[in-house]
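Going by my numbering, the sequence shown opens with residue 44, and the numbers climb by one from there. C-beta: ideal position from N, C-alpha, C; glycine also. Treat the numbers as computed from the prediction; the structure is a model and nothing was measured. Have a look at the structure below, then the notes.
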Amino acid sequence: MMYVFWSAATLKAPTWPQDELAFHMDIRFDNVEAAEKRLLGLGATKPAHQPGGDHWTVLLDPSGQPFCISSTH
């Protein structure tokens with residue numbers, strides 16, 4: 044599997060959770076706590092709205108696009 048990312052000067056981040064998302068990425072980690080700490084250190088933020096409960100954690104990338112991390116597929 045390959046992912047391709049690029050910069051878009053006109054990107055407007057969604058107002059999540061109100062706006063519909065153009066795409067969504069879920070990423071699995073063996074150690075979710077360590078992954079969350081690392082991702083936050085790299086510039087992600089953690090919004091107050093966390094609909095996943097104990098199943099997944101929502102983070103926002105530096106542009107404001109939500110993605111989820113979890114320990115399951």
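Residue range of the alpha helix (DSSP H) that L82 falls in?
-> Residue range V75 to G84 is occupied by the alpha helix (DSSP H) that includes L82.
With distance defined between alpha-carbon atoms, name the residue in D97, A65 and L103 nearest to L85.
In this structure, L103 is the residue among D97, A65 and L103 with its C-alpha nearest to the C-alpha of L85.
Could you tell me the distance, in whole angstroms, from the CA atom of G96 to the CA atom of W49? Roughly 31 Å separates the two Cα atoms.
Pick from A78, D69, A77 and T88: whose alpha carbon is nearest that of F110? If we check each option's Cα against that of F110, D69 comes out closest.
**Study point:** CA nearest to the CA of R71, picked from T100, A87 and G107
**Key:** Looking from the CA of R71, the closest CA among T100, A87 and G107 belongs to T100.
Task: D69 - containing beta strand (DSSP E), residue span - done: Taken as a continuous stretch (DSSP letters only), the beta strand (DSSP E) holding D69 covers D69 to R71.
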